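Chemist: Starting off with a structure, shown below.
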Amino acid sequence: MLKHLYDTDCVTWSPQGKLFQVDYAMEAVKQGSICLGLKSNDFVVLCSLKRQPSELAGYQEKQFKIDDHMAIAIAGLTADARVLCKYMRTECLEYKYTYESHHPVGRLVFKVAEKSQHKTQSGAKRPYGVGLLVAGIDPNGVHLFETCPSGNYYEYKCQAIGSRSQAARTYFESWFHLFEKSTLEQLILHGLSALKKAIMEDEELNEKNVEVGILGKNQKFIHLNAQELKDYIVKLETFNANTQIQQE
Amino acid sequence: MIFNSEISGQQQHTTSPVVTGGSVIALVYNGGVIVGTDTLCSYGSMATFKNVQKIAQISKNTIYASSGEFSDFQQVVKELAKIDRSALQYDDGVHPSPKDYGNFLARLSYKKRCKINPLYLQNVIAGFHNGERYLGLVDIYGTYLESNFITTGFASYFCKAIIANYWNENCTLDQAKQVIRECFKVLFCRDCRAHDVIQLAYVDAQGAHIEEPERVETKWDFNGFKSRANEKLHTQ
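Protein sequences, first through last, are from chains A and B.
If you're matching positions, the first sequence starts at 1 in the UniProt record's numbering and goes up one per residue.
If you're matching positions, the second sequence starts at 1 in the UniProt record's numbering and goes up one per residue.
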């Protein structure tokens, strides 16, 4: 990236109306490994590719449960993600303590966005370097949100963020019209297919580097275990989105 | 008069109520929940304010009534209305359910009890949400209970037998109203701080309805009063 004159801190606009520090923070998200989410009428599925810093190390987890009805997938600085994760978990706990019911999803995303925006309007602070995909269920239905370091948030039917996420988004653009009525199994296979588009040629999906989390109207957030992941990756070989159209 | 708090800045604690409201009776019926109170606020033993509405509508499908210190009732109404209004700032159309209000009030009451400065109230929250009836009681200590019928104050002593014999959870609205009217008739006769004008309010699928106050039926034309039998004894 070219060095710009107006990028020293968040409190300086560029003449083109950009806050470069915020843009640079968004770049940090794009450097993180891919995570994606997609939803049907009853379920939300989060799929992520876990990175292994070295052969000796474990794989970095990318999905975190916030409450029974809510979970996040992260892309970007893991340390910043941990701060936001803790904040969200605390908010959910406090809401449950006071009202004995689940924190509405959109409202928590709004709070995270407000917190993120605050960091973009201060001299001594820097934006959070992490993007979240927030999956949640509340009385308004099934939700998938994306949050940005800029403090913006959007609701999606399906979305992918992180490195090489455009490939996954292209897959989504072709097939998202099927997701609404998909079964859970079809939804997971669509997610894994999109993930497969985004990996490098010499990489392959296996139960160690893939993380899949599911959340449903009657399903608390859970991760698929290693055996289930293996089974799905095998099913992926024969999965064809075209067959789903023929069924309907 | 100089109060202690002005000299030393000490926190005052509510030790006894000043202006009080009487019993609240609430029942569940087949289409919703109904709450009844009288319209009296007493100043000790004096029946000072005789036309008071003691049932408040908190949100579209929740109503709230309480017995005890009336200024605390007014304060709680403000606190609960605050929650409903602050839901607007999130633009998500999600409003607290009746149960959310009940739990919030329980947490608030418990907090104040822990500071030995309670909201001097027995609270009743009634509502209808997602096709389900809700009726909750929060007492002065912050105890939280959900039930099919709730009585506070003297009604807990006099009216439970009437409710047990004439009400069931699937009765009609009119049947439930009659039971409550009968209860307040008895209360007017036996509770010194009760009044014969009552007000009923119910919540059903269409929302909250608070009715106009009505006078309970009372009977005073007993022969004993007419023929003044006792007086004769005394003039002999």
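Glycine residues also receive a C-beta, built at the ideal position from the N, C-alpha and C atoms.
Only a predicted model underlies this, so the values are computations on that prediction, with no experimental measurement involved.
Using a Cβ cut-off of 8 Å, pull out every chain A residue sitting near Y90/B, in sequence order please.
Modeler: Those are P104, G106, R107 and F110, listed as they occur along chain A.
Chemist: Can you give me the start and stop residues for the beta strand (DSSP E) that V18/B sits inside?
Modeler: Looking at the DSSP string, V18/B is not in any beta strand (DSSP E), and its letter there is neither H nor E.
Chemist: Please go through the same chain and pick out, in chain order, the residues whose beta-carbon is closer than 6 Å to the beta-carbon of N218/A, but skip the five residues on each side of it.
Modeler: Cβ neighbours of N218/A beyond the five flanking positions: none.
Chemist: Buried or exposed for L224/A, please, with buried defined as at least 16 other CB atoms from any protein chain shown within 10 angstroms of its CB.
Modeler: Result: buried.
Chemist: Three Cβ pairs or more, each shorter than 8 Å: is that satisfied between the region 118-133 of chain B and the region 21-41 of chain B?
Modeler: Touching, yes.
Chemist: Compare the Cα-Cα distances from H228/A to each of L189/A, A194/A and L195/A and report the closest residue.
Modeler: Sequence inspection shows Glu at residue 228/A; the His mentioned does not correspond to that position. Ranking L189/A, A194/A and L195/A by Cα distance to E228/A puts L189/A first.
Chemist: Is DSSP giving N182/B helix, strand or coil here?
Modeler: Reading off the sequence, residue 182/B comes out as Glu, not Asn. Three-state DSSP puts E182/B in a helix.
Chemist: Alpha carbons only, please: which of D9/A, Q186/A, I245/A and E61/A is nearest the one belonging to A124/A?
Modeler: A124/A has its Cα closest to that of D9/A, out of D9/A, Q186/A, I245/A and E61/A.
Chemist: Please list, in chain order, the residues of the region 119-148 of chain A that have any C-beta partner in chain B closer than 8 Å.
Modeler: Cβ contacts with chain B: D138, P139 and N140.
Chemist: Using a Cβ-Cβ cut-off of 8 Å, state whether N103/B counts as contacting chain A.
Modeler: Yes - at least one Cβ of chain A is within 8 Å of the one on N103/B.
Chemist: I'd like the span of the alpha helix (DSSP H) that includes H190/A, first residue to last.
Modeler: Where H190/A is concerned, the enclosing alpha helix (DSSP H) stretches over L184 to K197.
Chemist: Label S45/B either buried or exposed according to how many other C-beta atoms from any shown protein chain fall within 10 Å of its C-beta, with 16 as the threshold for buried.
Modeler: Exposed: under 16 other Cβ atoms inside 10 Å.
Chemist: Would K111/B and A208/B qualify as a contact pair, given that the criterion is a beta-carbon distance under 8 Å?
Modeler: Going by C-beta atoms, K111/B is not nearer than 8 Å to A208/B.
Chemist: Within 10 Å of its beta-carbon, does V20/B have 16 or more other beta-carbons around it, so buried, or fewer, so exposed?
Modeler: Checking the sequence, you will find Thr at residue 20/B rather than Val. The residue in question, T20/B, is buried, as its Cβ has 16 or more Cβ neighbours within 10 Å.
Chemist: Exposed or buried, which one is R82/A when buried takes at least 16 other CB atoms within 10 Å?
Modeler: Answer is exposed; the Cβ neighbour count stays below 16.
Chemist: Show which residues of chain B have a CB atom less than 8 Å away from the CB atom of S101/A.
Modeler: Result: S97, K99, D100 and N103.
Chemist: Let me see if you follow: with CB-CB separation under 8 Å, is T90/A close to chain B or not?
Modeler: T90/A does not count as touching chain B.
Chemist: Would you decide whether L56/A is buried or exposed? Buried here means 16 or more other CB atoms lie within 10 Å of its CB.
Modeler: Exposed, by the Cβ-count rule.
Chemist: Between V11/A and S150/A, what straight-line distance do the alpha-carbon atoms span, to the nearest angstrom?
Modeler: The straight-line gap from Cα to Cα measures roughly 13 Å.
Chemist: Specify, as a first and last residue, the run of the alpha helix (DSSP H) that T98/A falls within.
Modeler: From DSSP, the alpha helix (DSSP H) with T98/A extends over T78 to Y99.
Chemist: Within 8 Å (strictly less), CB to CB, does R107/B reach chain A?
Modeler: At least one chain A Cβ lies under 8 Å of R107/B.
Chemist: Cβ of K208/A within 8 Å of Cβ of Y171/A?
Modeler: Not in contact: K208/A and Y171/A (Cβ atoms no closer than 8 Å).
Chemist: Kindly identify the DSSP beta-bridge partner or partners of Y144/B.
Modeler: Answer by DSSP bridge pairing, in chain order: V138/B.
Chemist: Using the beta-carbon of each residue, which ones in chain B are nearer than 7 Å to T98/A?
Modeler: Per Cβ cutoff of 7 Å: N103, F104 and R107.
Chemist: Identify whether I7/B lies in helix, strand or coil by the three-state DSSP scheme.
Modeler: Model confidence at I7/B stands at a pLDDT of 47, short of 50, so the residue's coordinates are unreliable; what they give is reported in the following sentence. In this structure, I7/B counts as helix in the three-state DSSP scheme.
Chemist: Would you call T172/B buried or exposed, if buried means 16 or more other Cβ atoms sit within 10 Å of its Cβ?
Modeler: Exposed.
Chemist: Using the beta-carbon count (16 or more within 10 Å), is S122/A buried or exposed?
Modeler: With fewer than 16 Cβ atoms within 10 Å of its Cβ, S122/A is classed as exposed.
Chemist: Suppose the cutoff is 7 Å on Cβ atoms and the five residues either side in sequence are ignored; what does the same chain contact list for Q60/A look like?
Modeler: If we look at Q60/A and ignore the five residues flanking it on each side, its Cβ neighbours are K50, R51 and T78.
Chemist: If contact is defined by three or more beta carbon pairs under 8 Å, each pair taking one atom from either stretch, is the region 95-102 of chain B in contact with the region 167-184 of chain B?
Modeler: Not touching, per the Cβ criterion.
Chemist: Using 7 Å as the cut-off, classify the Cβ of E185/A as near or not near the heavy atoms of the ligand GDP, replying yes or no.
Modeler: Among the components of this structure there are no ligands whatsoever, and the ligand GDP is therefore not found.
Chemist: Is G207/B close to chain A, meaning its C-beta is less than 8 Å from at least one C-beta of that chain?
Modeler: Output row for G207/B: interface = no.
Chemist: Nearest-angstrom Cα distance between R164/A and E94/A?
Modeler: Those two C-alpha atoms are separated by around 37 Å.
Chemist: Quick check: the Cα distance between R133/B and L121/B, rounded to an integer number of angstroms?
Modeler: About 23 Å.
Chemist: Which stretch, first to last residue, makes up the beta strand (DSSP E) that contains S48/A?
Modeler: Element bounds for S48/A: F43 to L49.
Chemist: According to DSSP, is F239/A part of a helix, a strand, or is it coil?
Modeler: Reduced to three states, the DSSP call for F239/A is coil.
Chemist: Around the Cβ of P15/A, are there at least 16 other Cβ atoms within 10 angstroms (buried) or fewer (exposed)?
Modeler: It is exposed - the Cβ of P15/A has fewer than 16 other Cβ atoms within 10 Å.
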